[in-house]
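In this note's numbering, the protein residues as written are -5 to 275.
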């Protein structure tokens, strides 16, 4: 039912391919980062900034120093993610993963189910690892870089410390040994993760206040939800959904009031940014 490709070739050529693909993935990811994030930043913080004034989440204009810091951290993250992608491709070529490429008519349903399963697993993995990274003993060494941007912008979307990026990459490398995934399904997961990270760090809330009563807004993480996390370190650890935050008591009690505000920045400004001094996690 599930099959992968195992090409013939010498181990030396396979090793060469690993580094070749590492550089290719690095180049593509970094180019995509500057193209997509740069375009988003220009659109939100220049072309449409006045139009989106009431949906602004940041208190102060972004600084060149902050943007430069985010870019430097992103380059570190891209190296980790490029190597991870190369590892997955290398193992896929040797036939040791559960990735498959053949798609029979009756397997479309499985693609949808496996996609949902990976998204739910990744959301749980991210919640608990993210919450662990906020432990005082781990935060400054592993996760502080990402939180130097108290008011995140699209440039912050992939700005992670080295070990932080490795923790995230472990899931993506590991899941291809746990769940049989069509290559398209794996790409869809990566695209979903990328889009979610971009949305969470826009610095603006694109959804209108009138949507706050919709059930999707209650359970799916939006820009405001994650912006609060960057100010109040003890809340909002999820990636896609608010399930775990709601179930385990890390949902900000004022969140629903804030997303219903017609001027969202004024609502958020009532909450001062916390310094990292909490005891435990």
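Note that the Cβ used here is the ideal one computed from N, Cα and C, for glycine as well.
Here the structure is a predicted model, which means the values were calculated and not measured.
### Message
Does the structure place the stretch 102 to 117 close enough to the stretch 177 to 196 that three or more beta carbon pairs sit under 8 Å?
### Response
When C-beta atoms of the stretch 177 to 196 are compared with those of the stretch 102 to 117, three or more pairs fall below 8 Å, so the two segments count as touching.
### Query
Which residue's Cα is closest to the Cα of residue 227: 198, 172 and 140?
Counting from 1 along the chain shown, the entry for residue 227 is found at position 233. 140 is the residue among 198, 172 and 140 whose C-alpha sits nearest the C-alpha of residue 227.
### Strand pairing of residue 65, partner residues [DSSP]
To locate residue 65, count along the chain shown from 1; it is residue 71. None, per the DSSP bridge assignment.
### Query
For residue 104, does the three-state DSSP call read helix, strand or coil?
As a working note, residue 104 is residue 110 in the chain shown. In this structure, residue 104 counts as helix in the three-state DSSP scheme.
### Query
Would residue 267 be called buried (16 or more neighbouring beta carbons within 10 Å of its own) or exposed?
For the purposes of this step, residue 267 is taken as residue 273 along the chain shown, with counting starting at 1. Below a pLDDT of 50, predicted positions are generally treated as unreliable, and residue 267, at 47, falls in that range; the measurement from the model is reported next regardless. Residue 267 should be labelled exposed.
### Query
If you check the beta carbons only, do residue 158 and residue 136 fall under 8 Å apart?
Stepping through the chain shown from its first residue, residue 158 is reached at position 164. Stepping through the chain shown from its first residue, residue 136 is reached at position 142. Yes.
### Query
Is it true that the CB of residue 24 sits closer than 8 Å to the CB of residue 69?
Counted from its first residue, the chain shown places residue 69 at position 75. Counted from its first residue, the chain shown places residue 24 at position 30. Contact: yes.
### Task
State the DSSP-derived secondary structure class of residue 234, mapped to helix, strand or coil.
Looking up residue 234 in the chain shown gives position 240. In the structure shown, residue 234 sits in coil (DSSP, three-state: anything other than H, G, I, E or B).
### Task
Tell me, please, which residues DSSP counts as bridged to residue 175.
Taking the chain shown and counting its residues from 1, the one referred to as residue 175 is at position 181. BP columns for residue 175 point to 93.
### Query
What are the boundary residues of the alpha helix (DSSP H) that includes residue 195?
Taking the chain shown and counting its residues from 1, one reaches residue 195 at position 201. Judged by DSSP secondary structure, residue 195 falls outside any alpha helix (DSSP H); it is assigned neither H nor E.
### Task
Can you check DSSP and say which residues form a bridge with residue 214?
The residue labelled residue 214 in the question sits at position 220 within the chain shown. Answer is 235, bridged to residue 214.
### Query
If you compare alpha carbons, which of 115, 85, 66 and 56 is closest to residue 40?
By 1-based counting over the chain shown, the position of residue 40 is 46. Across the set 115, 85, 66 and 56, the C-alpha of 56 shows the shortest separation from the C-alpha of residue 40.
### Task
Note down, one range per segment and in chain order, each alpha helix (DSSP H) of at least 4 residues found wholly within the stretch 135 to 162.
DSSP runs (the alpha helix (DSSP H)) wholly in the stretch 135 to 162: 138 to 141.
### Task
Can you check DSSP and say which residues form a bridge with residue 226?
For this step, residue 226 is matched to residue 232 along the chain shown. According to DSSP, residue 226 bridges with nothing at all.
### Query
Looking at the unbroken alpha helix (DSSP H) that takes in residue 252, where does it start and where does it end?
Residue numbering aside, residue 252 sits at position 258 when the chain shown is read from its first letter. Bounds of the alpha helix (DSSP H) holding residue 252 are 249 to 253.
### Rounded Cβ spacing between residue 76 and residue 151 (contact assumed at less than 8 Å)
Counting from one through the chain shown, the residue named residue 76 turns up at place 82. Counting from one through the chain shown, the residue named residue 151 turns up at place 157. In fact, because the Cβ distance is near 16 Å, the residues do not count as touching under 8 Å.
### Message
Assuming contact is defined by CB atoms lying nearer than 8 Å, are residue 148 and residue 34 in contact in what I supplied?
### Response
Looking up residue 148 in the chain shown gives position 154. Looking up residue 34 in the chain shown gives position 40. Yes, the pair counts as a contact, with Cβ atoms nearer than the cut-off.
### Query
Excluding the five sequence neighbours on either side, which residues of its own chain have a C-beta within less than 6 Å of the C-beta of residue 84, listed in chain order?
By one-based count along the chain shown, residue 84 stands at place 90. So the qualifying residues of the chain are 12.
### Alpha-carbon spacing of residue 14 relative to residue 20, whole angstroms
Here the question's residue 14 lines up with position 20 in the chain shown. Here the question's residue 20 lines up with position 26 in the chain shown. When rounded, the distance between both Cα atoms is 10 Å.
### Straight-line gap, residue 62 to residue 142 (C-alpha atoms, nearest Å)
What you label residue 62 is simply residue 68 of the chain shown in a count that begins at 1. What you label residue 142 is simply residue 148 of the chain shown in a count that begins at 1. C-alpha of residue 62 to C-alpha of residue 142: approximately 12 Å in a straight line.
#### Entry: Buried or exposed by the 16-neighbour rule on C-beta atoms within 10 Å, applied to residue 128
Translated into the one-based positions of the chain shown, residue 128 becomes position 134. So residue 128 counts as buried.
### Task
Select from 167, 212, 22 and 18 the residue whose C-alpha is nearest the C-alpha of residue 78.
By one-based count along the chain shown, residue 78 stands at place 84. Check the Cα spacing between residue 78 and each of 167, 212, 22 and 18: the tightest is with 167.
### Rounded straight-line distance, which links the Cα of residue 44 to that of residue 162
Against the chain shown, residue 162 aligns to sequence position 168. Against the chain shown, residue 44 aligns to sequence position 50. Whole-angstrom Cα-Cα distance: 36 Å.
#### Entry: Proximity of residue 171 and residue 116 at Cβ, strictly below 8 Å
Against the chain shown, residue 171 aligns to sequence position 177. Against the chain shown, residue 116 aligns to sequence position 122. Taking 8 Å as the cut-off, the Cβ atoms of residue 171 and residue 116 do not count as close.
#### Entry: Inter-residue Cα distance where the pair is residue 235 and residue 190
By 1-based counting over the chain shown, the position of residue 235 is 241. By 1-based counting over the chain shown, the position of residue 190 is 196. Looking at the two C-alpha atoms, the distance is approximately 10 Å.
### Message
Going by C-alpha to C-alpha distance, which of 18, 28 and 22 sits closest to residue 192?
### Response
Taking the first residue of the chain shown as 1, we reach residue 192 at position 198. Checked all of 18, 28 and 22; the closest Cα to residue 192 is 28.
### Query
Roughly how many angstroms separate the alpha carbons of residue 237 and residue 82, rounded to a whole number?
Your numbering for residue 237 matches position 243 in the chain shown. Your numbering for residue 82 matches position 88 in the chain shown. A straight-line Cα-Cα distance of about 30 Å links residue 237 and residue 82.
### Message
Cutting at 7 Å between CB atoms, please list the residues of its own chain near residue -5, excluding the five before and the five after it.
### Response
As a working note, residue -5 is residue 1 in the chain shown. No answer about residue -5 holds up, because its pLDDT of 49 lies below 50 and its placement is not dependable.
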